[in-house]
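To start, the structure under review is shown below, and the notes come after it.
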Amino acid sequence: MPIDHFHNISRYEPHTNATFQQLYWLDTSTYVPGGPVIVHALGEDSPSFDLGWFQNGLLHDIANLTGGVAVLWGQRYYSGGYDIVPDYHYTTENLRFHSNEQALADLAYFAQRATFSGLEDRNLTAPGTPWIILGGSYAGVISAFTRIQYPDLFWGGLTSSGVTTGLIDNWQYFDVIRRHAPAPCVAAQQQVTNLMDNIYASGNKTALAELKTALNVSQASTYPNIALLLSSALSTWEQNWNTKSTAYQFFGKPSTNHDRRKCLTYITTGSPSSYCGMLTSQTIPSSAGVSLQTITHSLLTFANKTATPNTNTLYHPLLNFFSYIRTTINYCAGQVVGDCLGIESPSPFDWLVCTEGGQFATGYTPGTPGHPHALPLVSRTLTPKFYLDGCHSRYNISYDPVISRMNKYGGFNLSYPRLAISTGQLDWYRSDGPLAELLENGSPNPRVKSNGTVSEPQIIIDGGYHEWDFPGVFANQSITVPQAVTDAKNREIEAVKAWLSEWNQTHGLPV
1326 MPIDHFHNIS RYEPHTNATF QQLYWLDTST YVPGGPVIVH ALGEDSPSFD
1376 LGWFQNGLLH DIANLTGGVA VLWGQRYYSG GYDIVPDYHY TTENLRFHSN
1426 EQALADLAYF AQRATFSGLE DRNLTAPGTP WIILGGSYAG VISAFTRIQY
1476 PDLFWGGLTS SGVTTGLIDN WQYFDVIRRH APAPCVAAQQ QVTNLMDNIY
1526 ASGNKTALAE LKTALNVSQA STYPNIALLL SSALSTWEQN WNTKSTAYQF
1576 FGKPSTNHDR RKCLTYITTG SPSSYCGMLT SQTIPSSAGV SLQTITHSLL
1626 TFANKTATPN TNTLYHPLLN FFSYIRTTIN YCAGQVVGDC LGIESPSPFD
1676 WLVCTEGGQF ATGYTPGTPG HPHALPLVSR TLTPKFYLDG CHSRYNISYD
1726 PVISRMNKYG GFNLSYPRLA ISTGQLDWYR SDGPLAELLE NGSPNPRVKS
1776 NGTVSEPQII IDGGYHEWDF PGVFANQSIT VPQAVTDAKN REIEAVKAWL
1826 SEWNQTHGLP V
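Start counting the sequence shown at 1326; every next residue gets the next number (this note's numbering).
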C-alpha cells in the first residue's frame, strides 16, 4: 500500500514513494457467486478483539445473509501498517501520513485491486462488485467518509457510534452522565469535583499538598493533569451487553425496578461493585485509614459554601472518592501524574485528535456561553486550552485541529444515500456524531426525531452504549441479546438488502 497517496498536497511533504504492508483478515465461507464484499474497518482497534465479528457479529450476519465475502480491515499506523513506524517511536515527522484522507485512499486503492485467497479466479473488485463498508467509533468516521468520498467504489456504508463531527469543546461527552445517571450520584460527583477545583483555585499550598496526599500521587504533580487522571473514574459509565462482567460498573446489580436508561440491565449474574453505590455510601471504606479520614476532614474547610450539600453530607463522598482513586485507579500511585499518563508521548490516535478532530472531553464553568448552569462532573480546568496546549507541546505545532477536514463531510448534518447511522442512547461518544442529543451550543438536535428510511436508517439504540450493534453471541452462550440491539441489527440488515436490490436493478440483474 502506498504510504503517500497525495503527492500534490503540501501537508505530506517531504513526499515518499515507499509502501507498507496492508493487513486484513478474510472469511470467504459465506460467499456465494454474485455476493458483495463486506468490509468492517477496525480503526484503532486490535483484530484480536474483533475477530469474533467473523463468527457472530453484525459483519458475519450481513455477509451470511447476503452471500458476501467478509473482510476485517486493519488501518494504517494501527493493525494495518505497523511497518510505517516499525519501532513505534512516533514523531511529528513520521505521523504526517496519518490522516483520514490517506486512510480513505487506502480503502479505495484496495477495493480496486483486491484478490481474495480461494477466490482468485473471480474479479471481486469495485466498482464491478458491490462493496459495503462498516465501522464504529473512530472507524465509524472511516466508514462514513469512505462512502461519501468514494461513492462509485463503495455502494453502501454503516457508521455505528461514529465520531464524525470535529469540534474543540466537547463538554457534552461527560454531560450525558449528568443528564442520565441517578440524581444522588450526580450531585455527589459534582460536589466532590467542585471542591477539588476550589482547592486548586484557592492557591492554598497546604490544601493542595493535602489533596495530592489524599490521592496518593507525587507532590510534583500539577493541576489540571491531576483532574485529567480523576476524570477516568467515570470510565465505568461505558457498558457492554455481551459479557457477564463482574468488573466495577457505574451502576449496581441490575433490578427490574430500575429504569433501563439508567441502569446496566443487560449484564447479568454476580453483584458488580457500583461506582454510584461507592460514591454515595455512608459507610467508611475499609481502605480509608485514620490519616486519610483526617485529611478529608481538613479539606472540607474548602468546600463551596454556596453548594447545596453542607460539609457533613460531603464528607463520605469525598472520603469514598479518595479511597476509590487509591485502590482502583492506582496506576499513578506515588508518581507524577503527567508522566504516568504519558500525556507528552506522541501517538497515532492522539495525532488525529490534535490535527483533525479535536473532540476534547472538557469540563466547563457553569453558565458560560453554550454550557449548562449546572456544575460539571469533571474539572472546569479541563478546558480546550489545556488540551490544545498539550497538542502544541507534544508535536511542536502552532496550529489547532483543522476540524474542517472532518466537517466538510457534514458534521452534525452528515448524511448520504445508502449510509446507515446508529448510536447508543447513552453513548458518551454520541456527542460527536450526527445523532448527538445536543448540538455544540447545547440546543437539542432536531435530527434525533427522525428514524430515517429503510435505505438510510437513523437508529438510536434505546438504553444502548458504544457500538452496541456490532457484537453477537454464540449459540452456547447464555447471554440475552437486548431487544433494542436486535431491532437495530434487523434494520441495518434490511438496509443492506435494500442497497443490494438497488444494485441489481441498476445493473440489470434479478432483484
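For glycine and all other residues, C-beta sits at the position ideal for the given N, C-alpha and C. It should be emphasised that the depicted structure is a prediction, and the values quoted were computed from it without experimental measurement.
Just reading off the alpha helix (DSSP H) that residue i is part of, what are its end residues?
i: Q1514; result: 1508-1527
i: G1460; result: Taken as a continuous stretch (DSSP letters only), G1460 belongs to no alpha helix (DSSP H), being part of the beta strand (DSSP E) at 1456-1461.
i: L1536; result: 1530-1540
CB-CB under 7 Å to residue i, same chain, minus the five flanking residues each way: which ones, in chain order?
i: G1465; result: T1484, S1485, S1486, G1487, V1488, T1489
i: F1880; result: There is simply no residue 1880 to check, as the chain begins at 1326 and stops at 1836 in what is shown.
i: S1826; result: V1836
i: Y1741; result: R1472, I1473
i: I1328; result: T1341, A1343, T1344, F1345, I1409, F1422
i: F1415; result: The sequence shown places Tyr at residue 1415, not Phe. Excluding positions up to five away in sequence, the list reads P1671, S1672, P1673.
i: A1820; result: A1745, V1779, S1780, P1782
Pick helix, strand or coil for residue i, following the three-state DSSP scheme.
i: L1478; result: coil
i: P1597; result: Note on P1597: pLDDT 37, under 50, position unreliable in the model; the coordinate value appears next. Correct three-state label for P1597: coil.
i: I1840; result: Since the displayed the chain opens at 1326 and closes at 1836, residue 1840 lies outside it and no answer follows.
i: H1330; result: coil
i: S1729; result: helix
i: D1675; result: helix
i: P1835; result: coil
i: D1412; result: coil
i: S1557; result: helix
i: A1451; result: coil
i: W1350; result: strand
i: W1566; result: coil
i: P1694; result: coil
i: Q1783; result: strand
i: V1303; result: Absent from the model: residue 1303. The displayed extent of the chain is 1326 to 1836, so no value can be given.
i: G1602; result: helix
i: H1365; result: strand
9 Å is my cut-off, CB to CB: does residue i come that close to chain B?
i: S1546; result: Within the model displayed, chain B is absent; a lone protein chain is all it includes.
Leaving out five residues before and five after residue i in sequence, what residues of the same chain have Cβ atoms less than 6 Å from its Cβ?
i: Y1403; result: E1369
i: T1621; result: L1643, L1644
i: A1532; result: I1524, F1627
i: A1388; result: T1355, I1363, A1395
i: L1420; result: W1676
i: F1646; result: V1517
i: N1541; result: R1651, A1658
Would residue i and residue j be called neighbours here (beta carbons separated by less than 9 Å)?
i: G1735; j: P1759; result: yes
i: A1761; j: F1795; result: no
i: G1788; j: P1769; result: no
i: L1624; j: L1520; result: yes
i: D1494; j: P1701; result: no
Leaving out five residues before and five after residue i in sequence, what residues of the same chain have Cβ atoms less than 8 Å from its Cβ?
i: A1699; result: R1503, Q1515, P1691
i: D1744; result: The sequence as given places Leu at residue 1744; Asp does not occur at that position. Result list for L1744: A1469, R1472, I1473, G1481, G1482, L1483, T1484, E1781, in chain order.
i: L1429; result: I1467, F1470, T1471, Q1474, Y1475
Any heavy atom of the ligand FMN closer than 8 Å to the beta-carbon of residue i?
i: I1387; result: The ligand FMN is absent from the structure shown, which contains no ligand whatsoever.
Starting from residue i, trace the beta strand (DSSP E) in both directions and tell me its first and last residue.
i: P1683; result: The question names Pro, but residue 1683 in the sequence shown is Gly. From DSSP, the beta strand (DSSP E) with G1683 extends over 1683-1685.
Task: Segment contact, 8 Å Cβ cut-off, at least three pairs: the region 1724-1742 with the region 1446-1461 - done: no
- [ ] Determine contact between the region 1444-1453 and the region 1748-1757, defined as no fewer than three beta-carbon pairs at a distance below 8 Å.
- [x] no
Task: the region 1475-1484 contacting the region 1659-1677, beta-carbon criterion three pairs below 8 Å - done: no
Task: At least three beta-carbon pairs within less than 8 Å, the region 1489-1504 to the region 1756-1775 - done: yes
TODO: Inspect the CB distances between the region 1540-1549 and the region 1697-1709 and report whether three or more fall short of 8 Å.
DONE: yes
Task: Contact between the region 1648-1663 and the region 1673-1686 (3+ Cβ pairs under 8 Å) - done: no
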